[in-house]
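In what follows, a single structure is set out as structure tokens and then discussed.
In full-length UniProt numbering, the protein residues as written are 1 to 701.
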């Protein structure tokens, strides 16, 4: 314990005071378009105004028209375009030249509870909470005014050509219409519209302000309020807490924050925003985006450490089990009172039709679109939508289910599979009554040669060993017969040697792969297509297996950029980051397909990385993928040698102290190793716990 305290001694103690005088009036202004060395402190501020509720600020600043960097002709041209040739009080530029610019604010963050302004004086730190953080950017509203002026001039020119002597228009009858009462749904849509929000924001009046410069006397007076006015402690009760209260401040109870976030496109999913939602909403949002996903991939997209039992409870509320994979429920995609965007069919009818398609996939791998349409009697566009959610088209085979059957999930969770089976039985009975069919009428005569077969590498190896054992007696007998024949022929029996001639290829009998290469959004689940794996599933091809495909340039770039940023990653973390990358790709993207663990590891080793054989302790609970640690070995930097020395240390020790690392670096690199080098090395590659240092990913929680 003493050694740990020596490593991190207390240098100085500082008293902290909380000032509240400006707590609800203090704003931080940022000017991102100019460097910090070019401030606006010496620029003349012409006017300032604020909308307090929206935290919107506008500043007008003068432009130095006498500067050698100012283009006078451009300034006059802009003023002419904006104000025209007339001289009016409402003109933007009164001197017929662009002599000022306007800055408008946008909020950097909506939650400023973690930010404060601090002043250090005489060994005391005074902090004041910020009301808002605003970024001030130049406003180009004068260009809109110039455009409107231009349109007005064009309209006037067109209108001037009309004759002044035209006869008065005939009197026409006016039809009076009365608008229908607004429904609740229409009112909600109107309230959420962009025009309504703009109108509400425009209704808040501007509050005009007086600007005081940095060295103004009023500014000096206001700056005094940044210091705590009551030093006795009565005003600083927030900083005098019991250990239990202080812990509650550091880790407050989880509350649902109602934060207005910017509305993004409906097909864009932010993982950062997703993880702020409750678990049920996370699962529902993911299912609505991917439509079909295996349970293992869903767990990889959620926050690490999420309870799988809780996820199973949530997913059964929004999805149904089809061939071991989870497909989003129809009523989630088509809520009540909605309709088809193609044909206007009500949601209830769409849900029944889509449930029928899902049920058919619980019975067989492929379905025919014509058969589906003939039974559910919906427009072809809607039927195609149903199928694209969960299947891919195959030539001469109809629509095949998007993902391979996940038998591992069914074996691991038999209770869930049984419950889902009973649920499908109930759905089947309802569908039979609605569509007037029986299951026996739909049983297809399957061709066993067209059935998809999924064979693991271990099964192929066992099959090869079994064939070799069975063929060994006949091969041994054939070899003995050949040896006897060659011995009888003698040296002059060259004519006794026969070369068996076989055709080079019997390609006429080999079926051609005609599967479609276009993959829909289900590819984000990380599964290869059946066409990509069909060659690898045949253990009898005479070559002992299909060679591993080489990684694509996109995959190599992704792995290289990931390790350049992280430096050290376990295989488990690589797969998690890869799944997140797949989920962020747009639907239909097929850059990353047929990515297996073996291919991923080979790509890592080809990206100037090496596997670090960390000696995990015997009692370690780390999984196999968590014990495979990879690190970038060569980046072309001189700092590579430092990292390589560190990796060699961790090949012999699971955890080490800082002084051991520093001593070894000094031995290898000499006295040129500085404290900054050691700090950088540990920050890039390690994590600390209890005074010991571990490689990233090897510290078990």
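Note that CB positions come from ideal geometry on N, CA and C, so glycine has one too.
Report the rounded CA-to-CA distance for residue i versus residue j, giving the unit in angstroms.
i	j	result
residue 49	residue 207	5 Å
residue 319	residue 611	40 Å
residue 647	residue 618	21 Å
residue 157	residue 97	26 Å
residue 402	residue 357	13 Å
residue 636	residue 576	27 Å
residue 181	residue 187	10 Å
residue 708	residue 29	Since the first residue of the chain shown is 1 and the last is 701, residue 708 is not available in this structure.
residue 473	residue 463	17 Å
residue 279	residue 314	8 Å
residue 667	residue 414	58 Å
residue 90	residue 120	47 Å
residue 136	residue 58	8 Å
residue 634	residue 564	10 Å
residue 219	residue 144	36 Å
residue 678	residue 671	12 Å
residue 699	residue 398	50 Å
residue 46	residue 138	15 Å
residue 689	residue 467	54 Å
residue 242	residue 249	11 Å
Should residue i be labelled buried (16 or more other beta-carbon atoms within 10 Å of its own) or exposed?
i	result
residue 164	Below a pLDDT of 50, predicted positions are generally treated as unreliable, and residue 164, at 46, falls in that range; the measurement from the model is reported next regardless. Counting Cβ neighbours within 10 Å, residue 164 comes out exposed, since fewer than 16 surround it.
residue 603	buried
residue 69	exposed
residue 114	exposed
residue 33	exposed
residue 297	buried
residue 82	buried
residue 195	exposed
residue 174	exposed
residue 550	exposed
residue 71	exposed
residue 389	buried
residue 516	Bear in mind that a pLDDT of 36 at residue 516, under 50, signals an unreliable position, so the number given afterwards is only what the model happens to contain. Exposed.
residue 400	buried
residue 295	buried
residue 355	buried
residue 361	buried
residue 197	exposed
residue 573	buried
residue 406	buried
residue 631	buried
The beta strand (DSSP E) spanning residue i covers which residue range?
i	result
residue 15	15-18
residue 686	686-689
residue 562	Unbroken run through residue 562 is the alpha helix (DSSP H), 553-566; no beta strand (DSSP E).
residue 45	45-51
residue 126	124-129
residue 132	132-139
residue 599	Unbroken run through residue 599 is the alpha helix (DSSP H), 597-606; no beta strand (DSSP E).
residue 106	100-107
residue 611	609-612
residue 29	27-30
residue 115	Where residue 115 is concerned, there is no enclosing beta strand (DSSP E), given that its DSSP letter is neither H nor E.
residue 194	Careful: residue 194 lies outside any beta strand (DSSP E), inside the alpha helix (DSSP H) at 194-203.
residue 631	629-632
residue 334	Note, residue 334: premise wrong, no beta strand (DSSP E); not H, not E.
residue 209	207-209
What are the boundary residues of the alpha helix (DSSP H) that includes residue i?
i	result
residue 424	414-435
residue 354	347-363
residue 574	571-584
residue 624	Unbroken run through residue 624: none, as it is neither H nor E.
residue 34	Element bounds for residue 34: n/a, residue is neither H nor E.
residue 217	217-223
residue 191	184-191
Residue ranges of each alpha helix (DSSP H) within the stretch 63-92, 4 or longer: 72-83
Length-filtered (4 minimum) alpha helix (DSSP H) runs lying within the stretch 246-330: 271-274, 279-290, 295-301, 308-318
Residue ranges of each beta strand (DSSP E) within the stretch 642-697, 3 or longer: 686-689, 692-695
Length at least 4, wholly inside the stretch 369-405: the alpha helix (DSSP H) runs in chain order: 369-376, 380-390
Given 8 Å, three or more beta-carbon pairs between the stretch 619-639 and the stretch 306-313: no
Meets three-Cβ-pair contact criterion under 8 Å: the stretch 34-48 and the stretch 14-24: no
Touching by the beta-carbon criterion (3+ pairs, under 8 Å), the stretch 22-31 and the stretch 129-142: yes
Cβ contact check for the stretch 362-370 and the stretch 332-340: 3 or more pairs under 8 Å: no
Meets three-Cβ-pair contact criterion under 8 Å: the stretch 277-292 and the stretch 321-333: yes
Touching by the beta-carbon criterion (3+ pairs, under 8 Å), the stretch 676-694 and the stretch 641-661: yes
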